[in-house]
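> In the working numbering, the protein residues as written are 190 to 540. Glycine included, each C-beta is placed from N, C-alpha and C at the ideal position.
Rendered as structure tokens:
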């Protein structure tokens, strides 16, 4: 349906009156209730720009509070997934036993994000470049944990603190392009305080893919990856066990949960020099869901992470990062880009 606006004269009617004449009383009431009042000034009851996201997240908590309390994860966590028109999105909502001030202190800063993202088994290196406020966080990712680091592909994220107030925290990482025909990556963390000791987190992970990548991934998941499942229960097997979602949504659910667990592990051991403690926490949390997330034993995982730190020349008590400014020689300081293997999962971090 289209709406055409009749305008007899530039000053005959006010903008609001022209809108009413054009769309009629009933439709106009709907439009105006939705906030399309032409020329209207904000009222005292409208939230300020910084307050609206916090209010929306608190409303979301109220909406899913019962689900959180009955969560099958054994703690207040809700995981959602969708296939978007161009890709995939996974959302994790959780109540954590940390005040918002502690969450903000731990998770603000690109260096902190590099360290927490390195807890993921496939992430082998992370560098930060750029001036404060305009940092780029470059993640080096292998398709499988047993692949050498020189086969890692680069994923450069623009890091941005969108909101950091006493009531609301929002951090956004975005990458315009990714490996194997993927693009438009978004990793977002949002948090609000529930009380003096608890916070409500929303972690979102999404990306787009081309039709060719989608078809290749679907083919892999229907053959070599047919045993891989997500977390959403879609039915019950004959033996009474739950049937979990598979395919593309199962894929994004696994990755969204892996990354949420990196945040959780980082918050659990926020003191400096606690890298191995965080690694053990992340591994233990992932192993609570072996059907979805198990792929490596603890000794191998710790050895890989120790090797990565030694390669970067980082000791136990030092930050995992150093600021990196690319040199002008073509190909310098850049690992070889991995090519997708036939029949292998082309999504960036699911194995």
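1. Can you give me the Cβ contacts of residue 299 inside the same chain, cut-off strictly under 7 Å, excluding the 5 residues immediately before and after it?
2. How about residue 354 and residue 248: do their beta carbons lie closer than 9 Å?
3. Should residue 227 go down as buried or exposed, given a rule of 16 or more other Cβ atoms within 10 Å for buried?
4. From what residue to what residue does the alpha helix (DSSP H) around residue 472 run?
5. Go through its chain and collect everything with a Cβ distance to residue 275's Cβ below 8 Å, but skip five positions before and after it.
6. Buried or exposed: which applies to residue 470, given that a residue is buried once 16 or more other Cβ atoms fall within 10 Å of its Cβ?
7. Tell me whether the stretch 332-348 and the stretch 275-284 touch, counting them as touching only if at least three CB pairs, one residue from each stretch, are closer than 8 Å.
8. If you draw a straight line from the C-alpha of residue 435 to the C-alpha of residue 320, how long is it?
9. Among 472, 380 and 440, which has the Cα closest to the Cα of residue 292?
10. Between the stretch 417-432 and the stretch 389-396, are three or more C-beta pairs nearer than 8 Å?
11. Can you say whether residue 395 is buried or exposed, counting buried as having 16 or more other CB atoms within 10 angstroms of its CB?
12. Shortest alpha-carbon distance to residue 369 belongs to which of 451, 500, 386 and 406?
13. Whose C-alpha, out of 474, 468, 480 and 481, is nearest the C-alpha of residue 489?
14. State the Cα-Cα distance for the pair residue 429 and residue 446, rounded to the nearest angstrom.
15. Tell me whether residue 445 sits in a helix, a strand or coil according to DSSP, three-state version.
16. Relative to the alpha-carbon of residue 157, which residue among 334, 415, 431 and 290 has its alpha-carbon at the smallest distance?
17. Figure out for me which residue from 367, 432 and 431 has the closest Cα to the Cα of residue 402.
18. According to the Cβ coordinates, are residue 455 and residue 295 closer than 9 Å?
19. From the DSSP output, read off the bridge partner residues of residue 312.
20. Which whole runs of the beta strand (DSSP E) in the stretch 352-411 are 3 residues long or more, in chain order?
21. Just to confirm the assignment, what range does the alpha helix (DSSP H) spanning residue 481 have?
22. Quick one: what's residue 269 bridged to in DSSP?
23. Give the secondary structure of residue 347 by DSSP, where H, G and I count as helix, E and B as strand, and everything else as coil.
Looking at the atomic coordinates:
1. Counting from 1 along the chain shown, the entry for residue 299 is found at position 110. These residues qualify, in order along the chain: 317, 324, 326 and 348.
2. Counted from its first residue, the chain shown places residue 354 at position 165. Counted from its first residue, the chain shown places residue 248 at position 59. Cβ atoms of residue 354 and residue 248: not closer than 9 Å.
3. To locate residue 227, count along the chain shown from 1; it is residue 38. At residue 227 the pLDDT is 35, less than 50, meaning the model places this residue with poor confidence; the figure from the coordinates comes in the next sentence. With fewer than 16 Cβ atoms within 10 Å of its Cβ, residue 227 is classed as exposed.
4. Stepping through the chain shown from its first residue, residue 472 is reached at position 283. Start and end: 464-476.
5. Here residue 275 is taken as the residue at index 86 of the chain shown, counted from 1. Only 373, 397 and 398 meet the Cβ criterion.
6. Against the chain shown, residue 470 aligns to sequence position 281. Buried.
7. no
8. Numbered from 1 along the chain shown, position 246 holds the residue referred to as residue 435. Numbered from 1 along the chain shown, position 131 holds the residue referred to as residue 320. Their Cα atoms are separated by approximately 42 Å.
9. Stepping through the chain shown from its first residue, residue 292 is reached at position 103. Of 472, 380 and 440, the residue nearest in Cα terms is 380.
10. no
11. Start at 1 with the first residue of the chain shown, and residue 395 comes out as number 206. Classification of residue 395: buried, given that the 10 Å Cβ count is 16 or more.
12. Taking the chain shown and counting its residues from 1, one reaches residue 369 at position 180. Nearest C-alpha to residue 369: 406.
13. Taking the first residue of the chain shown as position 1, residue 489 is located at position 300. Closest option to residue 489, Cα to Cα, is 468.
14. Start at 1 with the first residue of the chain shown, and residue 429 comes out as number 240. Start at 1 with the first residue of the chain shown, and residue 446 comes out as number 257. Approximately 25 Å, taken between the alpha carbons.
15. Position 256 of the chain shown, counting from 1, holds the residue named residue 445. Helix at residue 445.
16. The question about residue 157 has no answer here: the residues shown for the chain are numbered 190 through 540.
17. Here residue 402 is taken as the residue at index 213 of the chain shown, counted from 1. Here the closest residue by C-alpha is 367.
18. Here residue 455 corresponds to residue number 266 of the chain shown, with the count starting at 1. Here residue 295 corresponds to residue number 106 of the chain shown, with the count starting at 1. In this structure, residue 295 lies closer than 9 Å to residue 455 by Cβ.
19. In the chain shown, residue 312 corresponds to position 123, counting from 1. Beta-bridge pairing links residue 312 to 330.
20. 357-366, 371-382 and 388-398
21. Sequence index remark: in the chain shown, residue 481 carries index 292 (1-based). 479-482 is the extent of the alpha helix (DSSP H) around residue 481.
22. In the chain shown, counting from the first residue as 1, residue 269 sits at position 80. 280.
23. Against the chain shown, residue 347 aligns to sequence position 158. In the structure shown, residue 347 sits in a strand (DSSP, three-state: E or B).
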